[in-house]
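Protein chains in written order, with our numbering: chain A, 6 to 217; chain B, 627 to 913.
The beta carbon of each residue, even a glycine, is placed where N, CA and C say it ideally should be.
All values derive from a computational prediction rather than experimental measurement.
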Amino acid sequence: MIYSENILICIAIPLFIALFFTRTSTKRFLFAFILGMTVCLFSAYISGFVNYITELGRDEMAIYYSPVIEEIMKFLPILFYEAVFIPEQEKLYTASIGIGLGFATFENCCYILSAVDISLPYMLIRGLSVGVMHLICSLALILGLGLSKRFEVMTLPGLVGAISMPMIFHALYNLLVSEDGLSSYLGYFLPILTAFILFIPFRVIREKLNNE
Amino acid sequence: MSDELISIIVNLIQIVSFCFILFMIGRRMRSRRFSRLLLFFLYGIILALLSILFWLVHDIMRPEARIPFGANEIGEISISLMYASLLDIRFKAAGYKNLKPATLLTIIYSLAVIALWIGWTGEWIKDILSGTAFGYMMCMSVRSLIISKAFNKIKLTVLALGAYILIGLQGLIFIVPENIGKVVDILCYIILFSGIFWLLIYSVYLIRTAFRAIKGSSEDQKKRVDKALAVTFAALIWALNTMYMSAGTMYVIAYIIETVVYLILFMAISAAEETEFPDTVKGGVSV
Numbered sequence: 006m007i008y009s010e011n012i013l014i015c016i017a018i019p020l021f022i023a024l025f026f027t028r029t030s031t032k033r034f035l036f037a038f039i040l041g042m043t044v045c046l047f048s049a050y051i052s053g054f055v056n057y058i059t060e061l062g063r064d065e066m067a068i069y070y071s072p073v074i075e076e077i078m079k080f081l082p083i084l085f086y087e088a089v090f091i092p093e094q095e096k097l098y099t100a101s102i103g104i105g106l107g108f109a110t111f112e113n114c115c116y117i118l119s120a121v122d123i124s125l126p127y128m129l130i131r132g133l134s135v136g137v138m139h140l141i142c143s144l145a146l147i148l149g150l151g152l153s154k155r156f157e158v159m160t161l162p163g164l165v166g167a168i169s170m171p172m173i174f175h176a177l178y179n180l181l182v183s184e185d186g187l188s189s190y191l192g193y194f195l196p197i198l199t200a201f202i203l204f205i206p207f208r209v210i211r212e213k214l215n216n217e
Numbered sequence: 627m628s629d630e631l632i633s634i635i636v637n638l639i640q641i642v643s644f645c646f647i648l649f650m651i652g653r654r655m656r657s658r659r660f661s662r663l664l665l666f667f668l669y670g671i672i673l674a675l676l677s678i679l680f681w682l683v684h685d686i687m688r689p690e691a692r693i694p695f696g697a698n699e700i701g702e703i704s705i706s707l708m709y710a711s712l713l714d715i716r717f718k719a720a721g722y723k724n725l726k727p728a729t730l731l732t733i734i735y736s737l738a739v740i741a742l743w744i745g746w747t748g749e750w751i752k753d754i755l756s757g758t759a760f761g762y763m764m765c766m767s768v769r770s771l772i773i774s775k776a777f778n779k780i781k782l783t784v785l786a787l788g789a790y791i792l793i794g795l796q797g798l799i800f801i802v803p804e805n806i807g808k809v810v811d812i813l814c815y816i817i818l819f820s821g822i823f824w825l826l827i828y829s830v831y832l833i834r835t836a837f838r839a840i841k842g843s844s845e846d847q848k849k850r851v852d853k854a855l856a857v858t859f860a861a862l863i864w865a866l867n868t869m870y871m872s873a874g875t876m877y878v879i880a881y882i883i884e885t886v887v888y889l890i891l892f893m894a895i896s897a898a899e900e901t902e903f904p905d906t907v908k909g910g911v912s913v
């Protein structure tokens, strides 16, 4: 049995201390990274609670509810940052990527420590799939938020639309990898493929949003 | 051909058509300015595509399991909200005066639809949330139909009557014996498919006239585009209702019609993008 809180403390403390010795942009990223890991822990608490109430199995929970909980939890700090500090688009990107990566890193750390006998190739695949998936979700979220802000549609539909895309994508990934075989290979390949497809449009839109 | 295979094929057709629409939107965004209309439509299409993919994969991997309220349903609620907002953006400037009776009638209709959904599935929370968003979209659609004057009073009354008769008949199926229920079901299909074909043909006609007006730089181009947009959205809502109220082969036909409506809707949005309207953001993002 592992205690997720212990892992969080182990990883977060050095990063937290590093905050005092780094420059502003690095500091922002580090803080977002720590926040991402903390959000991951809280998401696990909430998922556990929902699992207890709904009495769903582990797979069902991962397919239907965890994506909703995790994406909302990742979205809340970004929304808070945006609503309270009204940062520039680039700063929002840094924060969002930090949260996404922190989340993915913490989830992978807990997975490695809780699972026994994992092969190196599998860990490589997992790193490339889960890690990239959380990154893609964060980028989609921030792109949606950025466009909603740019077009002055920071309304309920705009926000719900921005958060729904990563939610369904996450759910689709979890569904694909829930069973061994062809579907899981497709699932592992999906985030990389999406990253590849989104790379150019994302860069172009991001630059345009930053320039205006 | 088995039902599962047919279901997969029609899903794939819809996925391909959504990818095509996304490609066209991408091309459009790259070459010229775009407004909030196209942005919301883009969100809606991406969500619809992801939602269909989820359904398809779920159907293949877990055919027995019913999907509870989760990410997929939230996505579908978002689609309704997106399209309602899209209509709101386009028609808000005209004001919503003298629309209370129509709005009230639509709200009552939406409540009846929610009651029917609950009757069919028994999933209260899911149906109330999805139904509320769907009802909001219907309200905005009815408002846009009235504001754009796409239909005269007689046509509008026929449409409303058709919708209410449908609800009544669908409710009747719950209480009448099975043999009478089958007759009522056939009646429902006649109304549903007559309605959708009427709206489909009319929306194609309106889009044609709208594009002609744009090319000819006619003064009433905005009015024509508004009409096309309002009727195409009404067609989409009717197509969705047709899907929800159909089963078996009729469901498959309704599903294909919905795909066609989405393609027509993209044309209507493209036409709307061509016109100048006050809600376009100055210097909209041109990518």
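Proximity test, Cβ basis, 7 Å: residue i and chain B
i	result
A:S169	yes
A:Y70	yes
A:P162	yes
A:F201	no
A:L152	yes
A:S188	yes
A:V165	yes
A:F25	no
A:V44	no
Residue i, enclosing alpha helix (DSSP H) - first and last residue
i	result
B:R654	D629 to S657
B:K853	Q847 to Y870
A:S134	Unbroken run through A:S134: none, as it is neither H nor E.
B:F892	G874 to E900
A:D185	A:D185 -> no alpha helix (DSSP H), and no H or E assigned at all.
B:K779	K779 to I801
A:N11	S9 to A23
B:E749	Counting along the chain, B:E749 falls outside any alpha helix (DSSP H), and DSSP gives it neither H nor E.
A:I91	It is not in any alpha helix (DSSP H) - A:I91 carries neither H nor E in the DSSP assignment.
B:D714	A697 to F717
B:S820	E804 to K841
A:D122	Note, A:D122: premise wrong, no alpha helix (DSSP H); not H, not E.
B:M687	R662 to M687
A:Y57	T29 to T59
Minimum Cβ-Cβ distance from residue i to chain A less than 7 Å
i	result
B:Y669	yes
B:L673	yes
B:P694	yes
B:R662	yes
B:V913	A caution first: B:V913 carries a pLDDT of 34, below 50, which makes its placement in the model unreliable, though a value can still be read off. At least one chain A Cβ lies under 7 Å of B:V913.
B:S820	no
B:L665	yes
B:S711	yes
Rounded C-alpha distance that separates residue i from residue j
i	j	result
A:I202	A:L84	26 Å
B:V739	B:L785	16 Å
A:A200	B:A873	38 Å
B:T885	B:R834	19 Å
B:I806	A:D64	43 Å
A:F207	B:I672	15 Å
B:A897	B:S628	40 Å
B:F823	B:M650	26 Å
A:L129	A:Y178	17 Å
B:M687	A:Y127	22 Å
B:K849	A:P72	43 Å
A:S153	B:D753	28 Å
A:Y70	A:F47	14 Å
A:I173	B:S677	7 Å
A:A23	A:V158	38 Å
B:N637	B:I879	12 Å
B:C814	B:A697	32 Å
B:L663	A:S119	48 Å
B:L825	B:L832	10 Å
Residue i: CB within 6 Å of a non-hydrogen atom of the ligand GTP
i	result
B:A860	Among the components modelled here there is no ligand, and therefore nothing to report on the ligand GTP.
Q: Identify each residue in the region 170 to 181 of chain A for which the Cβ-Cβ distance to at least one residue of chain B is less than 8 Å, and report them in chain order.
A: M170, M172, I173, F174, H175, A176, L177, L180 and L181
Q: Using a Cβ-Cβ cut-off of less than 8 Å, list which residues of the region 697 to 708 of chain B approach chain A; keep chain order.
A: A697, N698, I700, G701, I703, S704, L707 and M708
Q) Any chance the region 42 to 55 of chain A sits against the region 73 to 84 of chain A, with 3 or more Cβ pairs inside 8 Å? A) yes
Q) Are three or more beta carbon pairs between the region 760 to 768 of chain B and the region 690 to 708 of chain B nearer than 8 Å? A) yes
Q) Does the pairing of the region 890 to 897 of chain B with the region 852 to 870 of chain B give three or more beta-carbon distances under 8 Å? A) yes
Q) Looking at C-beta atoms only, is the number of pairs between the region 95 to 102 of chain A and the region 167 to 175 of chain A that lie closer than 8 Å three or more? A) no
Q) Are at least three pairs of beta-carbons, each pair with one atom in the region 6 to 17 of chain A and one in the region 107 to 116 of chain A, less than 8 Å apart? A) Touching, per the Cβ criterion.
Q: Answer yes if the region 812 to 820 of chain B comes into contact with the region 789 to 799 of chain B, meaning at least three C-beta pairs across the two stretches below 8 Å, and no otherwise.
A: Yes, they touch.
Q: Using a Cβ-Cβ cut-off of less than 8 Å, list which residues of the region 745 to 775 of chain B approach chain A; keep chain order.
A: Along the region 745 to 775 of chain B, none of the residues has a CB nearer than 8 Å to a CB of chain A.
Q: Using a Cβ-Cβ cut-off of less than 7 Å, list which residues of the region 54 to 66 of chain A approach chain B; keep chain order.
A: Taking 7 Å as the cut-off between beta carbons, none of the residues of the region 54 to 66 of chain A comes near chain B.
(Q) Short of 9 Å Cβ to Cβ, which residues in the region 76 to 89 of chain A face chain B? (A) Residues passing the 9 Å Cβ filter: E76.
(Q) Can you pull out the residues from the region 642 to 659 of chain B whose beta carbon lies closer than 9 Å to at least one beta carbon of chain A? (A) G652, M655 and R656
Q.
Three Cβ pairs or more, each shorter than 8 Å: is that satisfied between the region 154 to 162 of chain A and the region 175 to 195 of chain A?
A. No, the region 154 to 162 of chain A is not in contact with the region 175 to 195 of chain A.
Q) According to a CB-to-CB cut-off of less than 9 Å, which residues of the region 104 to 132 of chain A neighbour chain B? A) Cβ contacts with chain B: none found.
Q | Contact list for the region 676 to 691 of chain B against chain A, Cβ threshold 7 Å | A | L676, S677, L679, F680, V683, H684 and M687
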